[in-house]
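Let me begin by presenting the structure, written as structure tokens, before commenting on it.
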Amino acid sequence: MADLEHIPQTYEDACSVLARSHAEEVQFPIRVYCFPDPTRQEVRLVEISNSFPENVDSTRYAARMDPGPGEGPAQAKLVVPVVTLRPSDDFPFRSSVALVTEAEWERILAGDLRIGGKWRTDDRYQIWPQ
Amino acid sequence: MTEDLAHLEQGRSQLEVYEYLAGQPSATPGTPLGGFSQRPADNSGSAFENNIPEAHALHFLQMATENIAKAIFLRSGNTGWDKYTHRAFSAIPHHLRARHIAARLGWRDFDAYKRFLRDVRSLCREIEELHPQVGSIVEKANVEYPWPGRDSLGNEIWYVPAHYSFRLLSRMRKPLGVQLIRFLHLLANRFDTIF
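Protein chains in written order, with the working numbering: chain A, 357 to 486; chain B, 1133 to 1327.
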């Protein structure tokens, strides 16, 4: 099982190492997409599995959604949150990860859900499995 | 004080109240209990000994975990995220499974840390579902409001959380539950170094 056995030196290496490390930690099927940060400072991943808890209870809280920047109430979308971790000595990049179910991923692709990190979605690519 | 830190402080305080009600020793010995009198060394005065309903101790545990999780999500930005949701805590073990997080939380044995996170996921979900609005069943056992049911004759009855046995507090006293409380304290105490 892969660990963060070496300190990633480049942004691309950091993305690969973190995705692989996370994917090989779990004992269920998982896909991981990378959303590259244009500034190359933050590793941004979306991990997809039905073994993750749902993020959004749209039936209860749709009316309370705060619109995102530039959005009016009619355009407010439900948001899947990310968790952002600071860099450390053995992983010298910020990392932000969203965990979604398959249904939530489909809603993200359809534009019905958005990721809380305000990432650009058009540059995404599947990083795991390779 | 920022919003994320406000949630963290509220969560810390709720965790202390949970420990007081549950009669568990604090994970940080010597930490004042925020105004509550110190618990006797024999742990007398716990929820069981003083007939404090299990629901009340668990209510504070549910609130503490929700606030600590919200502190994490708010620190992470998440513009437009529904901060009023009660679904937050069960995702946290999944988010913290990297080796460098284990090290920051003081776990030297990464395999043990991984085992802990795997083992604790269902417990975290169970705590989250103590809230009346979490889960697929609309009216269900929860720590806050009465819920309807049927007796053996089919008559409608009302369950009172304060009278209900959740069978969870006793499990929180076992090693996995104690480890979870310690984990929460570590998250709160090392918050600024991790998030």
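C-beta atoms are modelled at their ideal positions from N, C-alpha and C, and glycine is treated no differently.
query: Pairs of beta-carbons, one from the region 1276-1287 of chain B and one from the region 1212-1228 of chain B, closer than 8 Å: are there three or more?; result: no
query: Specify, as a first and last residue, the run of the beta strand (DSSP E) that PRO437 (chain A) falls within.; result: Counting along the chain, PRO437 (chain A) falls outside any beta strand (DSSP E), and DSSP gives it neither H nor E.
query: List the residues of chain A that SER1208 (chain B) touches, going by C-beta distances under 9 Å, in chain order.; result: PRO437, VAL438, VAL439, THR440, LEU441, SER452, GLY472, GLY473
query: Please return the same chain residues whose Cβ sits closer than 7 Å to the Cβ of ILE1259 (chain B), not counting the five positions on each side in sequence.; result: LEU1193, GLN1194, THR1197, PHE1221
query: Which residues in chain B have a C-beta closer than 8 Å to the C-beta of SER444 (chain A)? List them in chain order.; result: HIS1232, ALA1235, ARG1236
query: Residues bridged to GLY1281 (chain B) by DSSP?; result: B:ILE1289
query: Nearest by alpha-carbon distance to TRP1290 (chain B): which of B:ARG1299, B:ARG1303, B:LYS1272 is it?; result: B:LYS1272
query: So GLY1197 (chain B) contacts chain A; which residues on that side make the cut at Cβ distance below 9 Å?; result: Note on identity: in this sequence residue 1197 (chain B) is Thr, with Gly being the wrong assignment. Those do not exist, as THR1197 (chain B) stays about 13 Å from chain A at its closest Cβ, beyond 9 Å.
query: With a threshold of 7 Å between beta-carbons, can HIS1263 (chain B) be considered close to chain A, or not?; result: no
query: How should GLU1135 (chain B) be labelled, buried or exposed, when 16 other C-beta atoms within 10 angstroms of its C-beta is the threshold for buried?; result: exposed
query: Within a Cβ cutoff of 6 Å, which residues of the same chain sit near ALA454 (chain A), ignoring the five residues on either side of it in sequence?; result: VAL402, VAL436, VAL438, ILE471
query: So the candidates are B:ARG1231, B:ASN1321, B:HIS1188; which of them puts its Cα closest to the Cα of LEU1300 (chain B)?; result: B:HIS1188
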